[in-house]
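Worksheet: the structure to be examined is printed underneath.
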Amino acid sequence: MALLWRFSLLYANTWLCYIYANIETPTGESNNRGIMKVLKFGGSSVADSEKIKKVVDIVTLSTENKFVILSAMKGITNALIASAKKAEVGDAVYKELAGEVRERTLATLGELVKSEPLLAETQRSVEAMLNEYHDILHGVELIRECSLRSMDLIMSFGERLNCTVAAAYMNEAGHKAEFIDAREIIRTDSSFGKGSVEFDITYELIEKRVKSMEGVGIITGFIANSDEGYTTTLGRNGSDYTASIIAAAVDADCCEIWTDVDGVLTADPRVVSTAKVIDRLSIEEAMELSYFGAEVIHPSTLIPTVEKDIPVIIRNTMNLDAPGTVIADEKTNRDTSITGIASIDNVALINVIGNGMVGMPGAASRIFCSLADGDINIIMISQASSEHSICMVCRQEEAGRARACLEKDLADAIAAKSIQKIEVREDLELIAVIGENMKGQVGLSGRLFSSLGKKDVNILAIAQGSTEKNISLVIEKAQRETALNAIHETFLG
Ligand code: ADP
Ligand code: ASP
Ligand code: MG
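In structure tokens, the structure reads:
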């Protein structure tokens, strides 16, 4: 019975894709080329051989044309980074960390693939990659330097190893599958650590590659290639983004992100135990939630799919009974005044204070240009109408650099005393309350602030955009749990 239920849920999902696949095109023709699905499985879904088997079960349950994007096994990207950092300072512990990556990969391969010559062939490819990884670490140890470019190359082994093993297992299990290294098909600029995707060339490369693909494509998430041929990455958690890039390139009917929770929840379940699954999210709501820290999807994920009107569905690999969250370009009806809460840890507040800024045109522009030139990402801005101070929020690790940029670029205003102080306050938390229903709701901010006041949470800065779909506030990091639970209880409890 349970099995039947699971099948019917998967069928319902496929049916949703089918509906999207047969939507009339703007010219009125029906798009009947068959369903095309992109499925992405995150690190927690491919943590060991048993989980990889489960992933292959999900992939092979239905018969659509499929592209499967996989992350590295859970913890491997962190281990790769740690090994590189140890090698950089000449700490021999890097060899142990690299040894763990080797052992885990070979053990998983041994548990999944038994038949020859497939096992020997896959072992050869995996060993070649592991040896290359080891040689690169040795190089890092010798020159005592690991640039962002080298780090991207080192991190790429996680997805490459995992996809090689998973593709071999799928073939062993009798399903034709082909390993595809995303560096062949995704092009970025040379911003190592977080490459900016060059969409035209990427879409061309994907289209060309897909034509010669045999069976299911098992594609490495997260990694890409720069124009000069160097390995780049799309930023931590970037495999979701890979999936949406592929989905947009092949004009897929849906893009499924399979993870370890039942969908997008009303708050981070690790902090708010009463958080609930949101069954449908508008694109704007999902973008806001991910931008403000709901790590269940990478913030850039919806950019490619929204252009092609492709729905994104978040599902739980370990709970097929849960229908998940559908993110699509549509109005959602809900009976709560807010949709969800997200938060970003470890932010800093930069306060530029000066009587001379009052009524001075161009003051804000100088501050923001200075921060932009210093490559500082501003997450939130707030200015009181007295114009006496402008406050901005950035990631804590960028705060020192931000202060240095401002002190240098505003030196004349500081000397002339029109700016008195540049204050930086660290160890803060940014909380964002998000929802389409928030627009025009009288008294919502009052309820929000009094819910925090009742729990003695002090608010250091507030911002609300004119769309009224997001209120952001900054508090002490130590009060994060209290604040998130208080807001959740008030609006979604
Ligand atoms: P994956 O390995 O599948 O990429 P991630 O760890 O990147 O998974 O993202 C899933 C995790 O995101 C969940 O386990 C959950 O703890 C966390 N998370 C944070 N905020 C939310 C939210 N609003 N909804 C769902 N999950 C969230
Ligand atoms: N493996 C990469 C990371 O851990 C990418 C991803 O999992 O999405 O960040
Ligand atoms: Mg993720």
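Okay, so the sequence shown: first residue is 684 according to the numbering used here, each after it adds one. All C-beta atoms in this analysis are idealised placements derived from N, C-alpha and C, irrespective of residue type, glycine included.
With a 10 Å radius around the Cβ and a threshold of 16 neighbouring Cβ atoms, ALA767 comes out buried.
Nearest neighbour of ASP1058 by Cα position, chosen from ILE752, VAL739, CYS1077 and TYR974, turns out to be CYS1077. In the structure shown, CYS1077 falls within a strand segment according to DSSP collapsed to helix, strand and coil. In this structure, DSSP gives ASP1110 an extended state, which the three-state scheme calls strand. Collapsing the DSSP output to three states places THR746 in coil. Proximity of the region 938–947 to the region 719–726 meets the contact definition, three or more beta-carbon pairs being nearer than 8 Å.
Taking each of ILE1021, ASP1028, ILE1024 and ASP1092 in turn and checking the Cα distance to ALA1055, the smallest one comes out for ASP1092. Restricting attention to ILE980, GLU1013, ALA1115 and ILE1142, the CA atom closest to the CA of ASN999 is found in ILE980. Leaving aside the five residues that flank ASN1034 on each side, the residues in its chain whose CB is nearer than 7 Å to its CB run, in chain order, SER1072, CYS1074 and GLU1106. Close CB contacts of ILE901 within its chain, under the 6 Å cut and outside five residues either way in sequence, are with VAL751, CYS846, ALA849, ALA850, ALA860 and PHE862 (chain order). For ASP1028, the enclosing beta strand (DSSP E) covers residues 1023–1036. Judged by the Cβ position, LEU972 qualifies as a neighbour of the ligand ADP at the 8 Å threshold, a heavy atom of the ligand being closer than this. Contact between the region 784–794 and the region 739–751 is absent: fewer than 3 CB-CB pairs across the two stretches fall below 8 Å.
Comparing alpha-carbon positions, the option among LEU917, ASP872 and ILE868 lying closest to LYS894 turns out to be ILE868. Beyond the five residues adjoining it in sequence on each side, ILE884 comes within less than 7 Å, by CB distance, of ARG870 in the same chain, given in chain order. With fewer than 16 other Cβ atoms inside 10 Å of its own Cβ, THR1150 counts as exposed.
Contact check between the region 1119–1134 and the region 1001–1020: three or more CB pairs, one atom from each, fall below 8 Å, which counts as touching.
At a Cβ-Cβ threshold of 9 Å, ASN1141 and GLN1124 do not count as neighbours. In this structure, the CA atom of THR925 is about 18 Å from the CA atom of GLY912.
In this structure, the ligand MG has a non-hydrogen atom nearer than 8 Å to the beta-carbon of SER922. Collapsing the DSSP output to three states places LYS720 in a strand. As computed with DSSP, VAL772 is found in no beta bridge at all. Annotated as proximal: SER927 and VAL995, with beta-carbon spacing under 9 Å. Pairing VAL1116 with VAL1030 gives a Cβ-Cβ distance that is not under 9 Å. A residue is called buried when at least 16 other Cβ atoms come within 10 angstroms of its Cβ; VAL933 meets this threshold and is buried.
It is roughly 42 Å from the alpha-carbon of LYS778 to the alpha-carbon of LEU1089. Collapsing the DSSP output to three states places GLY900 in a strand.
Ranked by how close their Cα comes to the Cα of GLU794, the residues GLU855, THR1165 and GLU1164 have GLU855 in first place. In this structure, THR1000 has its CB at a distance of at least 8 Å from all heavy atoms of the ligand MG.
Listed in chain order, the non-local C-beta contacts of ARG1084 below 7 Å within the same chain comprise GLY1057 and ILE1059, local neighbours out to five positions each way being set aside. Of the candidates ASN1038, HIS817 and MET838, the residue whose Cα lies closest to the Cα of ALA1099 is ASN1038. Using a 10 angstroms sphere on the CB of ASP1012, the tally of other CB atoms stays under 16, which defines it as exposed. For the ligand ASP, a non-hydrogen atom lies closer than 8 Å to the CB of SER754.
Exclusion of HIS1171 from the 8 Å shell around the ligand ASP follows from its C-beta lying no nearer than that to any non-hydrogen atom of the ligand.
Remark: the C-beta of MET1121 is outside contact range of the ligand ASP, defined as less than 8 Å to any heavy atom.
By the neighbour-count criterion, in which 16 or more other beta carbons inside 10 Å mark a residue as buried, ARG963 falls on the buried side.
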